[in-house]
Amino acid sequence: MKPTKSALIALLALLATVLVAVGCGGDDNKNSSGKFTTINSGKLTVGSDIPYPPFEFGRSPDYKGFDVDLVKEIANKLGLEAEFVKTPFDTIFRNLAQGKFDMVATASTISAEREKEVDFSDPYFAADQSLMVKKGSDIKTVEDVNGKVVGAQLGTTGADYAKDKTKAKSVRTYDLIDDAFKALEAGQVEAVINDCPVSSYAQKEHTSLAVVQALTTHESYGFAFPSGSDALREAVNKELAPLKEDGSVEKLSLKWFGEEPCKLEGAGT
Numbered sequence: 022m023k024p025t026k027s028a029l030i031a032l033l034a035l036l037a038t039v040l041v042a043v044g045c046g047g048d049d050n051k052n053s054s055g056k057f058t059t060i061n062s063g064k065l066t067v068g069s070d071i072p073y074p075p076f077e078f079g080r081s082p083d084y085k086g087f088d089v090d091l092v093k094e095i096a097n098k099l100g101l102e103a104e105f106v107k108t109p110f111d112t113i114f115r116n117l118a119q120g121k122f123d124m125v126a127t128a129s130t131i132s133a134e135r136e137k138e139v140d141f142s143d144p145y146f147a148a149d150q151s152l153m154v155k156k157g158s159d160i161k162t163v164e165d166v167n168g169k170v171v172g173a174q175l176g177t178t179g180a181d182y183a184k185d186k187t188k189a190k191s192v193r194t195y196d197l198i199d200d201a202f203k204a205l206e207a208g209q210v211e212a213v214i215n216d217c218p219v220s221s222y223a224q225k226e227h228t229s230l231a232v233v234q235a236l237t238t239h240e241s242y243g244f245a246f247p248s249g250s251d252a253l254r255e256a257v258n259k260e261l262a263p264l265k266e267d268g269s270v271e272k273l274s275l276k277w278f279g280e281e282p283c284k285l286e287g288a289g290t
């Protein structure tokens, strides 16, 4: 039996009402800007391992650092407010994959292993690893850590390097890199392997410590995103590219490091 004209009109009106409801409701906690969405309206929620100076440090909500400045600039260009969430590095990518943040900005190295869990932006910073010791130590190169106890931050490429590419007696890992530096000062470990820019910067506070060797690894930092969030990642890449090209990223490096970090013998290019 065919529907009457009045019945068809009523049905079309009902469908229109449903479509409007779907378009306006059920997504109040998401911000749509262009083709991408964020978990909180008007904000870019960013997971970050804090403190990790000079990339991110300070007190909430007034965090500062290289990553903080760069992300705020990108967020501003996207019409969003960057909100940083302090998170331990060892769980940060898992939390990202579970949708707790829109992205992660925490001086994180782009790696094939991590790309199994998350997606990365284009690179924005080149870095190597480094060997740090107490001043006056007999350890001068990574070969000298054979049979020694080495410290590193849990879940980092520095910890991987210490475990896989040295003959250290043991590798002790710490939730915060500053705890590894303190362990080195206290003589609980004999060396620390960590990102060279961060260890080099840490010498300002930990004056009894010194970076004695940059370890060539050709690592690059990138912002991490949940797998499949291509629209947001591409939007960030679109705003990141001109900041690299016009010298803005280089200016941030000069602001936070004062000079090219880790200009040491053995440093990578």
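Here the working numbering is used: the first residue of the sequence shown is 22, the next is one more, and so on.
From the three backbone atoms N, C-alpha and C, an ideal C-beta is built for every residue, glycine too.
**Request:** Give the secondary structure of I214 by DSSP, where H, G and I count as helix, E and B as strand, and everything else as coil.
**Result:** As a position in the sequence shown, residue 214 is number 193, starting the count at 1. Residue state, collapsed to three classes: strand.
**Prompt:** Can you find at least 3 beta carbon pairs, one from the segment 197-214 and one from the segment 117-135, that sit closer than 8 Å?
**Reply:** Contact between the segment 197-214 and the segment 117-135 is absent, because fewer than three Cβ pairs lie under 8 Å.
**Buried or exposed by the 16-neighbour rule on C-beta atoms within 10 Å, applied to S221** = As a working note, residue 221 is residue 200 in the sequence shown. Buried is the call here.
**Request:** Consult DSSP for K107 and reduce its assignment to one of helix, strand or coil.
**Result:** Along the sequence shown, read from residue 1 onward, the residue named residue 107 stands at position 86. It is a strand residue.
**Asked** Exposed or buried, what is T162 when buried is set at 16 or more other beta-carbons lying within 10 Å of its beta-carbon?
**Response** The count along the sequence shown starts at 1 and reaches residue 162 at position 141. Exposed, because fewer than 16 other Cβ atoms sit within 10 Å of the Cβ of T162.
**Message:** According to DSSP, simplified to helix, strand and coil, what is A126?
**Reply:** Within the sequence shown, numbered from 1, the residue matching residue 126 stands at position 105. Of the three classes helix, strand and coil, the one that applies to A126 here is coil, per DSSP.
**Item:** Alpha carbon of Y182 to alpha carbon of K169, nearest angstrom
**Value:** If you number the sequence shown from 1, residue 182 lands on position 161. If you number the sequence shown from 1, residue 169 lands on position 148. Distance between the alpha carbons of Y182 and K169: 14 Å.
**Prompt:** Once you ignore the five residues that flank W277 on each side, which residues in its own chain have a CB closer than 6 Å to its CB?
**Reply:** Position 256 of the sequence shown, counting from 1, holds the residue named residue 277. The answer, listed in chain order, is P75, F87.
**Item:** Residue environment, G179, which counts as buried when at least 16 other CB atoms sit within 10 Å
**Value:** Start at 1 with the first residue of the sequence shown, and residue 179 comes out as number 158. Burial call: buried.
**Asked** When the Cα atoms are used, what is the spatial distance from S142 to S129?
**Response** Indexing the sequence shown from 1 puts residue 142 at position 121. Indexing the sequence shown from 1 puts residue 129 at position 108. Spanning the two alpha carbons is a distance of roughly 11 Å.
**Asked** Rounded C-beta distance between L152 and Q234? I'm assuming under 8 Å.
**Response** The residue given as residue 152 occupies position 131 in the sequence shown. The residue given as residue 234 occupies position 213 in the sequence shown. About 4 Å separates the two Cβ atoms, so the contact holds.
**Buried/exposed call for N215, threshold 16 Cβ in 10 Å** = In the sequence shown, residue 215 corresponds to position 194, counting from 1. Burial state of N215 is buried, judged by a 10 Å Cβ sphere holding 16 or more other Cβ atoms.
**Message:** For F110 and T194, I'd like the C-alpha separation in whole angstroms.
**Reply:** Here residue 110 is taken as the residue at index 89 of the sequence shown, counted from 1. Here residue 194 is taken as the residue at index 173 of the sequence shown, counted from 1. Cα-Cα distance, rounded: 12 Å.
**Message:** Could you compute how far the alpha carbon of L273 sits from the alpha carbon of A262?
**Reply:** Counting from one through the sequence shown, the residue named residue 273 turns up at place 252. Counting from one through the sequence shown, the residue named residue 262 turns up at place 241. So the two alpha carbons sit approximately 15 Å from each other.
**Message:** Within the continuous beta strand (DSSP E) that includes T187, where are the two ends?
**Reply:** On the sequence shown, residue 187 is found 166 positions in, with the first residue counted as 1. Annotation: T187 is outside any beta strand (DSSP E) and is labelled neither H nor E by DSSP.
**Prompt:** What does DSSP give as the partner residues of K272 in its beta bridges?
**Reply:** Indexing the sequence shown from 1 puts residue 272 at position 251. DSSP, once it has assigned bridges, lists no residue as partnering K272.
**Item:** Of the residues K64, V270, K203, I71, the one placed nearest T228, counting alpha carbons only
**Value:** What you label residue 228 is simply residue 207 of the sequence shown in a count that begins at 1. For the set K64, V270, K203, I71, the Cα lying nearest the Cα of T228 is the one of K203.
**Prompt:** Alpha carbon to alpha carbon, what distance is there between D149 and A288?
**Reply:** The residue labelled residue 288 in the question sits at position 267 within the sequence shown. The residue labelled residue 149 in the question sits at position 128 within the sequence shown. Its pLDDT being 36, under 50, A288 is placed unreliably by the model, and the measurement read from it follows with that caveat. Each residue's alpha carbon lies about 7 Å from the other.
**Request:** Look up A235 in the DSSP assignment and say whether it is helix, strand or coil.
**Result:** As a first step, residue 235 is located in the sequence shown; it is residue number 214 there, counting from the start. Strand at A235.
**Prompt:** Nearest to D199 by alpha carbon, out of E77, N61, K64?
**Reply:** Taking the first residue of the sequence shown as 1, we reach residue 199 at position 178. Relative to D199, the option among E77, N61, K64 whose CA is nearest is E77.
**Close beta carbons around S69, own chain, < 6 Å, minus the five adjacent residues each side** = Residue 69 sits at position 48 when you count from the first residue of the sequence shown. Apart from the 5 residues on each side of it in sequence, S69 sits with its Cβ closer than 6 Å to the Cβ of E77, F105, A126, T127 in its chain, given in chain order.
**Close Cβ partners of L275 (< 6 Å) along its chain, the five nearest in sequence each way excluded** = By 1-based counting over the sequence shown, the position of residue 275 is 254. Same-chain partners within the cutoff: there are none.
**Asked** Mapping DSSP to helix, strand and coil, what is G19?
**Response** Coverage of the chain is limited to positions 22 through 290, which leaves residue 19 absent and any answer about it impossible.
**Prompt:** Measuring CA to CA, which of V92, G63, G279, I71 is closest to Q174?
**Reply:** Start at 1 with the first residue of the sequence shown, and residue 174 comes out as number 153. When the alpha-carbon of Q174 is set against those of V92, G63, G279, I71, the nearest one is in I71.
**Message:** Buried or exposed for R254, going by 16 or more other Cβ atoms inside 10 Å?
**Reply:** Residue 254 sits at position 233 when you count from the first residue of the sequence shown. Counting Cβ neighbours within 10 Å, R254 comes out buried, since at least 16 surround it.
**Message:** Output needed for V79: all residues of its chain with C-beta closer than 6 Å, excluding positions within five of it in sequence on either side, in chain order.
**Reply:** Here residue 79 corresponds to residue number 58 of the sequence shown, with the count starting at 1. It is Gly, not Val, that sits at residue 79 in the sequence shown. Only K85 meet the Cβ criterion.
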